[in-house]
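Quick notes on the structure that follows.
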Amino acid sequence: MFAVLPYAELLSCIDNIDPVAYARTRNYQTGSVTRLSPYISRGVVSTRFIFDRLRAAGHTWKEMEKLVQELAWRDYFQRVWQVRGPSLVEELKHPQQHIVHGEIPVAVVNAVTGIQAIDEGIFGLYREGYMHNHMRMYVASVCCNIGRAHWLQPARWMYYHLLDADWGSNACSWQWVCGAFSNKRYFANQENINRFFGTAQQHTFLDLPYEAMEHIPVPDVLSRSTPFMVDALLPASDEIASAHSEKVLLYNWYNLDPFWHKDEPCTRILLLEPEIFGRYPIAPHSVAFMLQLARAIPGLRVFTGSFAELKQYFPHARFYYKEHPWNHYDGCEEPRDWLAPGVNGWYPGFFPYWTKVSAVLQKELNV
Ligand SMILES: Cc1cc2nc3c(=O)[nH]c(=O)nc-3n(C[C@H](O)[C@H](O)[C@H](O)COP(=O)(O)OP(=O)(O)OC[C@H]3O[C@@H](n4cnc5c(N)ncnc54)[C@H](O)[C@@H]3O)c2cc1C
C-alpha cells in the first residue's frame, strides 16, 4: 500500500528532484519519475508550488523544461475540464472509431492479457494505486485500440484504482489515446513495451509492425468484456456540532491543501458527497489515502452527505471553497493555483497552450 508522506518528506522529495535525469529517463519503467501525482491531484501541492521549488533549488530553465512541460499537461487538462464542463464524457474532438462494445476487457480487469509488462502494471495498480504514465498509455491502447472498447468504462476502472485519480487528466488522456482528443490513435507494439519495461517477450498479439496494428481483429484474449460496476465505500460522518461558526472551509477529494487559511479560526469540513462518488467511485485504498491526508489538517471533520444536508448544520455560516469543475456549492469561491493563471480558456491542443505558458514562465525567470 502507498504510504502517505509526511509533509516535510514530501518537500524533501520535491527538493531532491533531478529534472535532468527526469527528462532523460521518464519513459522507462525504472526512470526518475517523481510520483508526486497523488499529492497534486489531492490538492496537497500544486504545479505552481513545484515550479517555485525547482526554481528556488537553482535549476535552470533548460534543466527543468521537460518536467515543467509535464506539469503543464496537467494544467492543460484542468483547463479543458473547466471549459468543457463537469462530466467530460463527450468526445472532445472526434467520435471514437472502431468501437465494438462499451465495457472493459475481462483480461484487463484480471491482469491476464498475456503481455507480461502490462499484467504486472495492472497488478501494481491494484497493489499501490499507481501506474507509470507510459503503462497507462499501453493499457488504454490495449483496451480501446486493440480491444475496441469505448474509452469511458475502462477510464472509470483506472480512475477507481488510482490514488492520483483526476477526472480531467484521466478522461482527456483516455480520449487522447483512442483518437477522440487527438488526430491519431496511439499504438505501442511489443518491441516498444520490451524496450521501456525491460521484458523480452515475443509472439504476443502486440508483436507486430506498426503498419499492421491498426487493422488486426480483436485478439481472442480480449474478446470477453464486463461492465465496470462498483460502489465507493465512504466513511461515516464525524460528529458535527451545529454551530454559529461564521466561516466554514470546504475540503473535498480534490482539495486537501494543508496550508489553506492555516491558523485561521474556521470550521473545516471534508465534504464527501455520495452522489459524486456514486458516479465516479474510488477504491478503499484511495479512501484511506484521502482520510490520512485529511487527518493531518488540524480540526478537520468528515461529513458524508450532500452540500444541502451540510448547510443545515451551519444555517448562518459562509462557505469557502476552491474553484473546481465539480463544485456546485454556494458561498465564496477562491482560485486554484496554476503555472500561468492568465493563460486560460479553450486551447484545442496542448502545444499552443504550452507556447503561452512557457513564455510566461521564461519571462519570470528572465530567460
Ligand atoms: C490513460 C491515462 C490516464 C491517466 N489518468 C490520470 C489521472 O487520473 N490522474 C493524474 O494525475 N494523471 C493521470 N494521467 C497522467 C499521468 O500518467 C500521471 O499524471 C503521471 O503518470 C503521474 O506520475 P508521476 O507523478 O510519477 O509523473 P511525473 O512523470 O513525475 O510527472 C510530474 C507531474 O506532471 C504531471 N504529468 C506528467 N505526465 C502527465 C500527463 N501525461 N498528463 C497530465 N499530467 C501529467 C503530473 O501532475 C505528474 O505528477 C493519465 C495518463 C494516461 C495516459
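According to UniProt numbering, the residues represented by the sequence shown are 1 to 367, in order. Idealized CB from N, CA, C, for every residue including glycine.
Sequence-distant Cβ neighbours of P281 in its own chain, meaning closer than 7 Å and more than five residues away, are Y160, V230, D231, A232. The closest heavy atom of ligand 1 lies less than 8 Å from the beta carbon of D166. For ligand 1, no non-hydrogen atom lies closer than 8 Å to the CB of Y280.
Distance from the CA of S237 to the CA of T304, rounded to the nearest whole angstrom, comes to 5 Å.
Taking 9 Å as the cut-off, the beta carbon of F197 is found closer than this to the beta carbon of Y28. With a cut-off of 8 Å on Cβ pairs, the region 246-257 is in contact with the region 29-46, counting three or more such pairs. Of all C-beta pairs linking the region 271-286 to the region 296-311, three or more are shorter than 8 Å, placing the two stretches in contact. In this structure the region 112-132 does not touch the region 66-74; the number of beta carbon pairs closer than 8 Å is below three.
Taking the Cβ of W326 as the reference point, every heavy atom of ligand 1 lies at 8 Å or farther away. Contact check between the region 177-195 and the region 135-153: three or more CB pairs, one atom from each, fall below 8 Å, which counts as touching. Across the structure, A180 and A317 are spaced so that their CA atoms are roughly 44 Å apart. In the same chain as D119, and ignoring 5 residues on each side of it, the C-beta atoms closer than 8 Å to its own belong to A111, V112, T113, in chain order. Pairwise C-beta distances place the region 100-107 in contact with the region 144-155, as three or more of them are shorter than 8 Å. Relative to ligand 1, the beta carbon of I14 is positioned no closer than 8 Å to any heavy atom. Below 8 Å, enough C-beta pairs join the region 308-325 and the region 334-341 to call them touching: three or more. The beta carbon of N344 is closer than 7 Å to those of R79 in its chain, skipping five residues each way along the sequence.
Looking only at T204, A117, L293, A21, the smallest Cα-Cα distance to D220 is reached by T204. Looking only at P217, T34, V20, R24, the smallest Cα-Cα distance to L10 is reached by T34. The beta carbons of L152 and W176 sit no closer together than 9 Å. In the displayed model, K93 falls within coil according to three-state DSSP, outside both helix and strand.
Of Q201, L54, I50, V83, the smallest CA-CA separation from Q116 is found for Q201. Assignment of beta-bridge partners to E334 by DSSP yields K322. Remark: the shortest separation between the CB of I40 and any heavy atom of ligand 1 falls under 8 Å. 9 Å or more divides the Cβ of G168 from the Cβ of P341.
In the three-state reduction of the DSSP assignment, N183 falls in the coil class, being assigned neither a helical nor a strand state.
A buried status is given to A283, since no fewer than 16 other beta-carbon atoms sit within 10 Å of its beta-carbon. The region 210-227 and the region 87-96 do not touch, with fewer than three beta-carbon pairs separated by less than 8 Å.
For Y22, same chain residues with a beta-carbon under 8 Å away, outside a window of 5 residues either side, are G31, S32, V33, T34, K66, L67 in chain order. One Cα belongs to M213, the other to Y313, and the distance between them is close to 58 Å. Pairing P19 with A57, the inter-Cα distance amounts to about 11 Å.
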